[in-house]
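Undergrad: My questions will all concern the structure given below.
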Amino acid sequence: MKVRAYLKQQIESKGSIHMTLLDPDKTSPEDSKIIASIAEEAGTSAIMIGGSLGVTESTVSQVIDAVKEETNVPVILFPGSLSGLSPKADAVWFLSVLNSTNPYYIVGAQAAGAVIIRRHGLEAIPLAYIIVGQGGAAGYVSYARPVPFNKPEIAAAYALAAQYMGFEYVYLEAGSGMPPVPPYFIKVVRRAINIPLVVGGGIKSYELAYKAAKAGANIVVTGTVVEEVDPNKLRKVLSSIVKGVHEGGRDRAKEP
Ligand code: 1GP
955 MKVRAYLKQQ IESKGSIHMT LLDPDKTSPE DSKIIASIAE EAGTSAIMIG
1005 GSLGVTESTV SQVIDAVKEE TNVPVILFPG SLSGLSPKAD AVWFLSVLNS
1055 TNPYYIVGAQ AAGAVIIRRH GLEAIPLAYI IVGQGGAAGY VSYARPVPFN
1105 KPEIAAAYAL AAQYMGFEYV YLEAGSGMPP VPPYFIKVVR RAINIPLVVG
1155 GGIKSYELAY KAAKAGANIV VTGTVVEEVD PNKLRKVLSS IVKGVHEGGR
1205 DRAKEP
C-alpha cells in the first residue's frame, strides 16, 4: 500500500496515530534498529527520519537500512535540508516552512529537492510546516518567525491558507525538545481546517500525548524521548505515549 493511503486508513481507523522521529545525527544505526523495533511493538504507525543539523544522505540511508532490518512500518523522510533525502525511504514529507522569512525554505529547497525526489522514486506527501512557540533548532535554521503560543489564530490562518493551497497535511512544530504546543492552540488550528493535523515538539508523556490528540492532533510525533530514555525503559514509556495518542483521538471522536 502507498504510504499516503496507509496513513489515511490509519487515521480513519484510529483517529490519532503516533510517529517516531529518529535523528541520524543523534542516533546511530545500531540504536535506531533497537528503538524502531521497540516503537513498532509499542504501536507507532511510522518512523520519520530527519534532523536540522549534521544529517547526510549516507547517515540517513544507514539508519533506514537498520530500521528496515527490524520493522515493517513505513519510513518517511523528514528532511531539514537536501542532504536529508535518501532513495531508501518509502516516502518523504514534502514540506514547506510556511512562516519562514527566507523563500529558500518555502520553495527554493523544494524546487531543488523535487528533482532529486523524482530521481529517487520517492512518494512525496505535501506538508505545510508551521513553526510555533520557541521553534527550537528547526525554527532558527529555517529563518522562521514562530507563531507565539498566545496567537493561535495566526497559525490557524496559515493552516487554512495551506489547505486552500492544496497541502495534504499541516504540521505544528514547537521545536525538538521545546515546550509543547498547548492544547488550546491545537484546538483553534484544528477547528480552522479539515485536513489532518500533525503536532510535534516536547511531547514526552502519556498526558501530553493524550492532550495533543484530544485537542485535535491526528498525528503526534515524538523524537527526543527515544534519545533520552534508556532502552530498557523505552518500551514502557513509548507504549504509554502511543496509548495516550490513541485514547486522546478516541475521546475527541466522542465529542459533539
Ligand atoms: C521535532 O516535532 C519533532 O521536529 C519532535 O520533537 O524531539 O521534542 O519529540 P521532540
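Here this note's numbering = 1-based position in the sequence shown + 954.
Backbone N, C-alpha and C fix where the C-beta goes; we use that ideal spot for every residue, glycine too.
Note that the structure is predicted; figures quoted are calculated from it, not measured.
(1) By how many angstroms is the C-alpha of Leu-1114 removed from the C-alpha of Pro-1080?
(2) Under 8 Å, with one C-beta from each stretch per pair, do the stretch 1162-1177 and the stretch 1191-1204 reach the 3-pair mark?
(3) Mind checking whether the beta-carbon of Ser-1096 lies closer than 7 Å to any heavy atom of the ligand 1GP?
(4) Just the C-alpha distance for Ser-901 and Ala-996, rounded to the nearest angstrom, thanks.
(5) Leu-1114 lies in the beta strand (DSSP E); which residues open and close that run?
(6) Tell whether a beta-carbon distance below 8 Å holds between Ile-1001 and Val-1027.
(7) Taking 7 Å as the cut-off, is the CB of Ser-1130 close to at least one heavy atom of the ligand 1GP?
(8) Which of the three DSSP states, helix, strand or coil, is assigned to Ile-1173?
(9) Report the residue ranges of all alpha helix (DSSP H) runs contained in full by the stretch 1136-1168; include only those spanning at least 4 residues, in chain order.
(10) Count the other C-beta atoms from every protein chain shown that fall within 10 angstroms of the C-beta of Leu-1036, then say buried if there are 16 or more, exposed otherwise.
TA: Reading off the structure:
(1) Taking the straight line from one Cα to the other gives about 14 Å.
(2) Taking a contact to require three or more Cβ pairs closer than 8 Å, the stretch 1162-1177 and the stretch 1191-1204 qualify as touching.
(3) Relative to the ligand 1GP, Ser-1096 has its C-beta separated by 7 Å or more from all heavy atoms.
(4) Past the boundaries of the shown model lies residue 901; the chain is included only from 955 to 1210, so the question cannot be answered.
(5) Counting along the chain, Leu-1114 falls outside any beta strand (DSSP E), though it belongs to the alpha helix (DSSP H) covering 1106-1119.
(6) The criterion of a C-beta distance shorter than 8 Å is satisfied by Ile-1001 and Val-1027.
(7) Yes, Cβ of Ser-1130 sits closer than 7 Å to a heavy atom of the ligand 1GP.
(8) In the structure shown, Ile-1173 sits in a strand (DSSP, three-state: E or B).
(9) Within the stretch 1136-1168, the complete alpha helix (DSSP H) runs of at least 4 residues are 1137-1146.
(10) With fewer than 16 other Cβ atoms within 10 Å, it is exposed.
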